[in-house]
Amino acid sequence: MSISRREFLKIAGASAIFGLGGMAIINEITDDIEASQFSPGPDALIAKRWAMVVDMRKFKTEEDYRKIIEACHSIHNVPDFGNPKDEIKWIWTDTFEHAFPGQEHEYMEEKLKRMPFVLLCNHCDNPPCVRVCPTKATFKRKDGIVMMDQHRCIGCRFCMAACPFGARSFNWRDPRGKDDKGRPFIKEENKEYPTRTKGVVEKCTLCFERLAKGLKPACVEASNGALIFGDLKEPNSEVRKVLSTNYTIRRKAELGTMPSVFYIIG
Amino acid sequence: MLEKALTGSRRYWIWIFALLAITGIGFIFYLKQLSYGLGITGMSRDVSWGLYIGQFTFLVGVAASAVMVVLPYYLHNYKVFGKITILGEFLAVPSVVMCMLFIFADMGQPMRFMNIFLHPTPNSVMFWDAMVLGGYLLLNIVVGWAVLGAERKDVPPPNWVKPFIYLSIAWAPSIHIVTAFLYSGLPGRDFWLTAIMAVRFLASAFASGPSLIIILCLIVRRFTKFDPGREAIQALGKIVTYTMILNVLFLGFEFFTAFYSRIPGHMHTFEYLYYGIEGYGRLIPLMWTSAILAVFSLILLINPATRRNEKTLAMASAAVFMSLWIEKGFGLVVGGFIPNPFEKITEYWPTMPETVITIGVWAIGFLILTVLYKIAVSVREETVGIEVDR
Numbered sequence: 001m002s003i004s005r006r007e008f009l010k011i012a013g014a015s016a017i018f019g020l021g022g023m024a025i026i027n028e029i030t031d032d033i034e035a036s037q038f039s040p041g042p043d044a045l046i047a048k049r050w051a052m053v054v055d056m057r058k059f060k061t062e063e064d065y066r067k068i069i070e071a072c073h074s075i076h077n078v079p080d081f082g083n084p085k086d087e088i089k090w091i092w093t094d095t096f097e098h099a100f101p102g103q104e105h106e107y108m109e110e111k112l113k114r115m116p117f118v119l120l121c122n123h124c125d126n127p128p129c130v131r132v133c134p135t136k137a138t139f140k141r142k143d144g145i146v147m148m149d150q151h152r153c154i155g156c157r158f159c160m161a162a163c164p165f166g167a168r169s170f171n172w173r174d175p176r177g178k179d180d181k182g183r184p185f186i187k188e189e190n191k192e193y194p195t196r197t198k199g200v201v202e203k204c205t206l207c208f209e210r211l212a213k214g215l216k217p218a219c220v221e222a223s224n225g226a227l228i229f230g231d232l233k234e235p236n237s238e239v240r241k242v243l244s245t246n247y248t249i250r251r252k253a254e255l256g257t258m259p260s261v262f263y264i265i266g
Numbered sequence: 001m002l003e004k005a006l007t008g009s010r011r012y013w014i015w016i017f018a019l020l021a022i023t024g025i026g027f028i029f030y031l032k033q034l035s036y037g038l039g040i041t042g043m044s045r046d047v048s049w050g051l052y053i054g055q056f057t058f059l060v061g062v063a064a065s066a067v068m069v070v071l072p073y074y075l076h077n078y079k080v081f082g083k084i085t086i087l088g089e090f091l092a093v094p095s096v097v098m099c100m101l102f103i104f105a106d107m108g109q110p111m112r113f114m115n116i117f118l119h120p121t122p123n124s125v126m127f128w129d130a131m132v133l134g135g136y137l138l139l140n141i142v143v144g145w146a147v148l149g150a151e152r153k154d155v156p157p158p159n160w161v162k163p164f165i166y167l168s169i170a171w172a173p174s175i176h177i178v179t180a181f182l183y184s185g186l187p188g189r190d191f192w193l194t195a196i197m198a199v200r201f202l203a204s205a206f207a208s209g210p211s212l213i214i215i216l217c218l219i220v221r222r223f224t225k226f227d228p229g230r231e232a233i234q235a236l237g238k239i240v241t242y243t244m245i246l247n248v249l250f251l252g253f254e255f256f257t258a259f260y261s262r263i264p265g266h267m268h269t270f271e272y273l274y275y276g277i278e279g280y281g282r283l284i285p286l287m288w289t290s291a292i293l294a295v296f297s298l299i300l301l302i303n304p305a306t307r308r309n310e311k312t313l314a315m316a317s318a319a320v321f322m323s324l325w326i327e328k329g330f331g332l333v334v335g336g337f338i339p340n341p342f343e344k345i346t347e348y349w350p351t352m353p354e355t356v357i358t359i360g361v362w363a364i365g366f367l368i369l370t371v372l373y374k375i376a377v378s379v380r381e382e383t384v385g386i387e388v389d390r
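First to last, the sequence lines map onto chains A and B. So in the working numbering, the last one in the first sequence is 266, and the numbering has no gaps at all. So in the working numbering, the last one in the second sequence is 390, and the numbering has no gaps at all.
See below:
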């Protein structure tokens, strides 16, 4: 069977159009699938809207802070490059004036001013990082967790420019590598959680992988009750009780991103 | 027509090989960046975009400015620009290519570039930027090539090309507006969060691009038999004058809003850029150079005697170009990150590899520009004295 050049072009053109169209349809379908590397088990913790309350009254010593940061960073293989330029952090601390800029004043209680506040991704209702991502590498799950697909991220860092909370870190160099003295950036690798490659953005994901196994986030577990975690849409949940009985503030509420991390100051 | 780029004087080939050499060095450093990661640059967690994205932002403007010669010619039948429209269209091509290369150089995972198209994301401005840039590149290659090809045969350009020309006129501002939206839609970045960002971008684009075309026209006239015409250069001079006045005014408006309102977040970056805060002020010398060059160019441009004199016009054009290169290619992008949203200051300065890669990309741009201009000028030299009604 022979076909003329004209016929061939017709067929080629039509296949290209249908091919592209088909791809678009597949994209549409897969968009509705909840992306997750861990399928939730029978004991999985499930919520309509996850949220966290940080009870600053319960943080007394430096050890209280260190424990929660260590718990998070060690199980998630967060590398330590030993310098602020390449730094990667999922949960960290900063002073009141940096945590809540614009809310500090010169007559504030000195203790409050110096107090280190626990900071992490706010898992906003209206996350600017998700809005700007050109590849859907960062996306919001139905339960409110703002997720990162490190295999899809192209490393454009638009999300870092968009996030007003500095919750995102970029792998400026290979996190699986070693420093000049041969010490690995990841001190002890947790084989149960993936490491990342250079050139992608990463962040706190509220321990979605632990939730799938019925465990609370690592920081919450290590916090001795200072971090309260639960379902915002569940009227009887612990977070709701705490929120209804305490005065709480959120970071940069004026930007309208609707953070779901709340702070009890004292 | 490509063969016209393969014959040239000794000087032409020295220039081409010099650019190739610089490109080569840039590429070697890019390979280094690929293996080490973007940590090789001066960027950090706090200043996550730097020189690369700055260059991209500036060059989008240069690319868009082709419309400043295409529009008067095609929409207002302004014949004087007949000879230089091709120079505008062929300036747009390397500018867009450089834009794309800078984005590529800035990506952490360049191999995944296609993800932008495989997972089209209409809510991301960056998706639209990729779309409009690609479209604009195609439009300018198609239009420039078709028009030049027709000119070579001494016939008017084919009718099918007209719709593409009108489309390119509408398309040009869009590439710069969309680029401005990359910045002006972000919460928590007060320096960028301004509705006049897009018009500021257009004003600075329509000043920097035509000022570069003036310089290129003067170079072309000096080294080839093709004369773009004094009247065309003067008309470009007027365009640069008005757009530069607008650009400086718009910057002034930003200062007014920030400093009359006295909202700290809106003042901080300006303070950092021009006076320094808390002892940090790495960009102060650059920003004041930009400001002084802007004033200097305006004096030369507004004064009719110095605008008419081609020597002083060339100086003014160079001053405009440099001033806006600093303001947009550096201060605007870097400044948006300093101080960061928690009022902390992390400074930024490009590293050596970053600078070499940047120069390498510019060399590729000049290489494409030279080849395209060589073709355009060779065709022009053949048809000297023959005016075709397009």
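Think of the CB as a built atom: it goes at the ideal place given N, C-alpha and C, for glycine as much as any other residue.
- Remark: C-beta atoms of B:P173 and B:L87 do not approach each other more closely than 8 Å.
- The beta-carbon of B:G329 is placed no less than 8 Å from the nearest beta-carbon of chain A.
- In the DSSP assignment, B:V333 is bridged to no other residue.
- Residues of chain B with a Cβ closer than 9 Å to the Cβ of A:E87 are, in chain order, S44 and R45.
- Annotation: the continuous beta strand (DSSP E) that includes A:W92 extends over I91 to D94.
- Sequence-ordered contacts of the segment 330-348 of chain B with chain A read N340, P341, F342, E343 and K344 [C-beta pairs closer than 7 Å].
- Residues of chain B whose Cβ lies closer than 7 Å to the Cβ of A:K140 do not exist, since the nearest Cβ in that chain is about 12 Å away.
- Secondary structure note for A:W50: its beta strand (DSSP E) is the uninterrupted segment W50 to D55.
- The C-alpha of B:I359 is placed about 40 Å away from the C-alpha of A:H123.
- Taking the beta carbon of A:H73 as reference, no residue of chain B falls within 9 Å; the closest one sits roughly 15 Å away.
- For A:S169, the secondary structure class from DSSP, reduced to helix, strand or coil, is strand.
- Taking all protein chains in view, the Cβ of B:A170 is surrounded by fewer than 16 other Cβ atoms within 10 Å, so the residue is classified as exposed.
- For the segment 107-120 of chain B, residues whose beta-carbon sits nearer than 7 Å to a beta-carbon of chain A comprise M107, G108, Q109, R112, F113, N115, I116 and H119.
- Between the alpha carbons of B:G144 and B:N77 lies a gap of roughly 18 Å.
- At a Cβ-Cβ threshold of 8 Å, B:I357 and B:A105 count as neighbours.
- Here A:V220 has L227 and F229 as same chain residues with Cβ atoms under 6 Å from its own Cβ, once five neighbours each way along the sequence are excluded.
- A:I265 has a beta carbon lying at 8 Å or more from every beta carbon in chain B.
- Counting the other Cβ atoms within 10 Å of the Cβ of A:Q103 gives fewer than 16, which makes it exposed.
- For A:F170, the closest Cβ of chain B is nearer than 8 Å.
- DSSP links B:P173 through a beta bridge to no other residue.
- In this structure, DSSP gives A:T138 an extended state, which the three-state scheme calls strand.
- Contacts with chain A (Cβ-Cβ distance below 7 Å) from the segment 18-40 of chain B involve Y36, G37, L38 and G39, listed in chain order.
- Apart from sequence neighbours up to five positions away, the residues of its chain that approach A:I68 with a beta-carbon distance below 6 Å are C219, A222 and S223, ordered along the chain.
- For the segment 152-163 of chain A, the residues whose beta carbon sits under 8 Å from a beta carbon of chain B are, in order, R152, C153, I154, G155, C156, R157, F158, M160, A161, A162 and C163.
- B:I215 and B:L20 have their C-alpha atoms roughly 22 Å apart.
- B:W288 and B:V295 have their C-alpha atoms roughly 11 Å apart.
- Burial of B:F29 is indicated by the presence of at least 16 other C-beta atoms within 10 angstroms of its C-beta.
- Only buried fits B:I364, as 16 or more other CB atoms lie within 10 angstroms of its CB.
- With its beta carbon less than 8 Å from one in chain B, A:C133 belongs to the interface.
- Along the segment 92-110 of chain A, going in chain order, the ones with a CB nearer than 8 Å to a CB of chain B are D94, E97, H98, A99, P101 and G102.
- Any Cβ of chain B closer than 8 Å to the Cβ of A:R183 would place that residue at the interface, and such an atom is absent.
- Flagged as an interface residue toward chain B: A:D174, by a C-beta distance shorter than 8 Å.
- By the Cβ test, the segment 160-171 of chain A is in contact with the segment 113-128 of chain A, since at least three Cβ pairs between them sit closer than 8 Å.
- Ranked by Cα distance from B:L283, the first of B:A64, B:I14, B:V334 and B:L369 is B:V334.
- Membership of A:V261 in the beta strand (DSSP E) is indicated by the continuous run V261 to I264.
- Along the segment 182-212 of chain A, going in chain order, the ones with a CB nearer than 7 Å to a CB of chain B are K198, G199 and V200.
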